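Visitor: So the sequences go chain by chain: W and Y. According to my numbering, the first sequence holds residues 1 to 246 in order. According to my numbering, the second sequence holds residues 1 to 246 in order.
Protein chains: 2
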Amino acid sequence: MNNYMAVVEYDGSGFCGFQVQPGNMRTVQGELLRVLEKVLSGKVKICYAGRTDAGVHATNQVISFKTGKELDLYRFKWSANSMLPDDIVLKEIKKTGPGFDARRSARQREYCYYVVNDSYQSVFLKKYSILITGTLRMDLMKEAAGYFTGVHDFSSFCSPSVVKRNTIRQIYDLSIEKGDRNLIIFRICANSFLYNMVRIMMGAILEAGRGERDPVSIKEALLSGEKGLGRKMVPAKGLFLNRVVY
Amino acid sequence: MNNYMAVVEYDGSGFCGFQVQPGNMRTVQGELLRVLEKVLSGKVKICYAGRTDAGVHATNQVISFKTGKELDLYRFKWSANSMLPDDIVLKEIKKTGPGFDARRSARQREYCYYVVNDSYQSVFLKKYSILITGTLRMDLMKEAAGYFTGVHDFSSFCSPSVVKRNTIRQIYDLSIEKGDRNLIIFRICANSFLYNMVRIMMGAILEAGRGERDPVSIKEALLSGEKGLGRKMVPAKGLFLNRVVY
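#1: Fully enclosed by the region 11–78 of chain Y, which alpha helix (DSSP H) runs are 4 residues long or longer?
#2: So, helix, strand or coil for residue 110 of chain W, using DSSP?
#3: Let me see if you follow: with CB-CB separation under 8 Å, is residue 182 of chain Y close to chain W or not?
#4: Can you confirm whether the region 72–92 of chain W touches the region 204–216 of chain W when touching is taken to mean that 3 or more C-beta pairs between the two stretches lie within less than 8 Å?
#5: Leaving out five residues on either side along the sequence, give the residues of the same chain with a beta carbon under 7 Å from the beta carbon of residue 161 of chain W.
#6: Does residue 247 of chain Y get closer than 8 Å to chain W when you measure Cβ to Cβ?
#7: Starting from residue 237 of chain Y, find everything on chain W with Cβ-Cβ shorter than 9 Å and list it in chain order.
#8: Closest to residue 130 of chain W by C-alpha separation, out of W:56, W:41, W:5 and W:218, would be which residue?
#9: Measuring CA to CA, which of Y:20, Y:225 and Y:8 is closest to residue 165 of chain Y?
#10: Using CA coordinates, which residue listed in Y:184, Y:223, Y:231 and Y:222 is at the minimum distance from residue 238 of chain Y?
#11: Going by other Cβ atoms of all chains shown within 10 Å of its Cβ, with 16 needed for buried, is residue 120 of chain Y buried or exposed?
#12: Just mark residue 97 of chain Y as buried or exposed, buried being the case when its beta carbon has 16 or more other beta carbons within 10 Å.
#13: With a threshold of 8 Å on Cβ separation, who are the neighbours of residue 37 of chain W within its own chain once the five nearest residues in sequence on each side are excluded?
#14: Mind checking which residues open and close the beta strand (DSSP E) that includes residue 173 of chain Y?
#15: Residue 81 of chain W touches chain Y at which residues, Cβ-Cβ below 8 Å?
#16: Across which residues does DSSP place residue 95 of chain W in a beta bridge pair?
#17: Which one of Y:169, Y:47, Y:190 and Y:122 has the shortest CA to CA distance from residue 58 of chain W?
#18: Any contact between the region 213–224 of chain W and the region 144–154 of chain W? By contact I mean 3 or more CB pairs, one from each, below 8 Å.
#19: Report the residues of the region 134–165 of chain Y with a CB closer than 9 Å to any CB of chain W, ordered along the chain.
#20: Measure the Cβ-Cβ separation of residue 245 of chain W and residue 107 of chain W and say whether it is below 8 Å.
#21: For my contact list, residue 60 of chain W and residue 241 of chain W are in at a C-beta cut-off of 8 Å; report their separation, rounded to the angstrom.
#22: I'd like to know if residue 87 of chain Y contacts chain W, where contact means its C-beta is closer than 8 Å to some C-beta of that chain.
#23: With 8 Å as the C-beta to C-beta threshold (strictly closer), list the residues of the region 9–26 of chain W near chain Y in chain order.
#24: In the DSSP assignment, find the beta strand (DSSP E) that holds residue 163 of chain W and state where it starts and stops.
#25: Output yes or no for whether 8 Å exceeds the beta carbon distance between residue 103 of chain Y and residue 48 of chain Y.
#26: Along chain Y, which residues have their Cβ under 8 Å away from the Cβ of residue 123 of chain W?
#27: Report the residue from W:76, W:100, W:113 and W:101 whose alpha carbon sits nearest the alpha carbon of residue 234 of chain W.
#28: In three-state DSSP terms, what is residue 184 of chain Y?
#29: Since residue 243 of chain Y sits in a beta bridge, which residues does DSSP pair it with?
#30: Going along the chain, which residues of its own chain have a beta-carbon closer than 8 Å to the beta-carbon of residue 52 of chain W, five neighbours each way excluded?
#31: For the candidate residues W:167, W:34 and W:40, whose alpha-carbon lies nearest to that of residue 67 of chain W?
#32: Which two residues bound the contiguous alpha helix (DSSP H) that contains residue 151 of chain Y?
#33: Could you give the distance in angstroms between the alpha-carbon of residue 34 of chain W and the alpha-carbon of residue 85 of chain W?
#34: When the Cα atoms are used, what is the spatial distance from residue 228 of chain W to residue 205 of chain W?
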């Protein structure tokens, strides 16, 4: 069997998430399977680096799949893109070693979250960011971000539905930058993320920035590991899976 | 009468251009009139800096209008934005002197054009740029751009329908930069533009970049002033009215 890895970009607005769902839900994986199985004329199993939620976008999702066929990469990419819908594109495809698995081989995942801090929402950014009209204090958000960096038990900062034994994760980096047009860009890099973890962390950071939460309470929540202390979850539309490191 | 100027952003994809058209065509001016006349409870005349074509976007279109009312600017902006459709937003509004006219007072207009030079089109940029998969030589495009800079008769580089007596325009600056994601950004600043002028100039620059036209032929076309020598017009969707200087 030949093993291939591909980099995929998608606008999450029109999808019920990445993962195939029961019923007639439109998913990224479902669309990719439909097209890959047509191009490869046979059943395919797709591994993927990040299971993005409904409404979450990706600039560089990574998938891998095996096939008995030897692919002409240029033609394969061209054929797949001509059949994929307008909101998914295959950016890159290459042959990889037999042991590569887009999920298991991933060492780091980086997500970005976009916040417009202004009195109006840009028509170009409204599908890809959230609007916060009030003051957001950068110093308080950076303090909050600092408590997340490092190795912690993220039980308080993931969906209450998570029942994994291991809720320890390592945040390598959490940066906050001001961009053009009153955009604030949050970039969070970790070995991996628990379900809803980025969106609940972002909720806490924004609460701190608005002065609604003492940043130190984040440190305390991480130490206590009590469910629900993350408190708020931000909307999916501002979130992008930006990079996967192997 | 009080005179107001406002900065407007719009996604041109869903409009038959800025200017009100006969019939049931959806236009930016039409939507603005509908909302301003409702908020001001009376007829309004809107002046505007750039008459963008169907499909052309604007990040900073400028309009002006007169009214007998003294506006509470914060409330006016909030009301107008709550009634405007999803693809238009009022970014800024302020009171201005009685002589100000968004069109006549404008000294410079800057347009940007976005080209993705890659093997695929990004799902996020496809409504806002054109894709060119072949080689585009920066040196040839910069040479072409150089011939446009300065004061010229743009008869060869505007719509054949233009019958103005004065077709002399001054290009203050025409820069070409590489951005992220294989994006090339063209920025063109002039005192004003003839109908279709930016899109025909861009057509000539891209032809030069592809090696389909000797850049020197642009200089010759400008000197001859013969209609049609501009040859090609690029699609509207990559074009943005970016800035108006007063």
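Each residue gets a CB set at the ideal place from its N, CA and C atoms; glycine is no exception. Here the structure is a predicted model, which means the values were calculated and not measured.
Guide: Concretely, from the data shown:
#1: 28–40
#2: strand
#3: Not closer than 8 Å to any Cβ of chain W, the Cβ of residue 182 of chain Y fails to qualify, so no.
#4: no
#5: 195
#6: This structure cannot settle anything about residue 247 of chain Y, because the visible part of chain Y is limited to 1 through 246.
#7: Those do not exist, as residue 237 of chain Y stays about 13 Å from chain W at its closest Cβ, beyond 9 Å.
#8: W:56
#9: When each option's Cα is compared against that of residue 165 of chain Y, the closest is Y:225.
#10: For residue 238 of chain Y, the nearest C-alpha among the options comes from Y:184.
#11: Around the C-beta of residue 120 of chain Y, 16 or more other C-beta atoms lie within 10 Å, and the residue is accordingly described as buried.
#12: Residue 97 of chain Y should be labelled exposed.
#13: 43 and 44
#14: 168–178
#15: 120
#16: Answer by DSSP bridge pairing, in chain order: W:4.
#17: Nearest neighbour of residue 58 of chain W by Cα position, chosen from Y:169, Y:47, Y:190 and Y:122, turns out to be Y:122.
#18: yes
#19: none
#20: yes
#21: 7 Å
#22: yes
#23: 9, 10 and 11
#24: Per DSSP, residue 163 of chain W belongs to no beta strand (DSSP E) and is neither H nor E.
#25: yes
#26: Residues of chain Y passing the Cβ test: 9, 10, 11, 86, 87, 88 and 89.
#27: W:113
#28: Correct three-state label for residue 184 of chain Y: strand.
#29: Y:110
#30: So the list reads 12, 17, 18, 28, 58, 61, 239 and 241, once near-sequence residues are dropped.
#31: W:40
#32: Here residue 151 of chain Y belongs to no alpha helix (DSSP H); instead the beta strand (DSSP E) covers 150–153.
#33: 11 Å
#34: 15 Å
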